[in-house]
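Enquirer:
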Amino acid sequence: MSHEKYGSIIQTLHECMTACNHCYDSCLKEDDVKMMAECIRLDRECADICGFLEQALVRGTPFAAELAQACAAICEACGNECKKHDHTHCQKCADACFKCAEECKKLVS
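Residue numbering for the sequence shown follows full-length UniProt numbering, starting at 1 and increasing by one per position.
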């Protein structure tokens, strides 16, 4: 079963998606939302690809490596952007993104 084979990465993808959604929502509540625009944009991109890859792995996609490669790149970009901001939600999101990127890279290799 695919969900058993990919259990660890599926959990990591879900945690990253959740962290990005929380960061996205929290960024929208910051005083200077315009300064957070790139963070917000990347949070959405990252949450979407993580959610998609999570579902695709559960379905047993034959494109696991290709999707994981794209996901790793997006997670790294989001993590790098979030790391620039001192907000706790951004720092937690960055950590989740970097962890997810590493798991995705393992899937590719």
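Where is the CB? At the ideal position from N, CA and C, for every residue including glycine.
Fair warning: this is a prediction, and the values are worked out from it, not measured in the lab.
Here's a check: name, in chain order, each residue in its chain whose Cβ is nearer than 7 Å to the Cβ of Leu13, leaving out the five neighbours to either side.
Expert: Excluding residues within five positions, the ones whose Cβ falls inside 7 Å are Cys50, Leu53, Glu54 and Cys100.
Enquirer: Closest to Lys44 by CA distance: which of Lys92, Gly79, Lys5 and Cys20 is it?
Expert: Sequence check: residue 44 is Arg here, not Lys. Taking only the C-alpha atoms, the option nearest Arg44 is Cys20.
Enquirer: Cα separation between Val58 and Gly7?
Expert: When rounded, the distance between both Cα atoms is 9 Å.
Enquirer: Does DSSP put Lys105 in a helix, a strand or coil?
Expert: Three-state DSSP puts Lys105 in a helix.
Enquirer: Measure from the alpha carbon of Cys97 to the alpha carbon of each residue in Ala64, Ala70 and Glu76, then state which is nearest.
Expert: For Cys97, the nearest C-alpha among the options comes from Glu76.
Enquirer: Glu4 by DSSP, collapsed to three states: which one?
Expert: Note: Glu4 maps to helix in three-state DSSP.
Enquirer: For Ala56, I'd like the list of residues in its chain whose CB is within less than 8 Å of its CB, leaving aside the five on either flank, ordered along the chain.
Expert: For Ala56, where only same-chain residues beyond five positions count, the Cβ hits under 8 Å are Phe63, Ala64 and Leu67.
Enquirer: Specify the secondary structure class of Asp48 as computed by DSSP and reduced to three states.
Expert: Correct three-state label for Asp48: helix.
Enquirer: Checking 8 Å against the spacing of the C-beta atoms, do Ser26 and His89 come in under that value?
Expert: Against a cut-off of 8 Å, the Cβ pair of His89 and Ser26 comes out as a contact.
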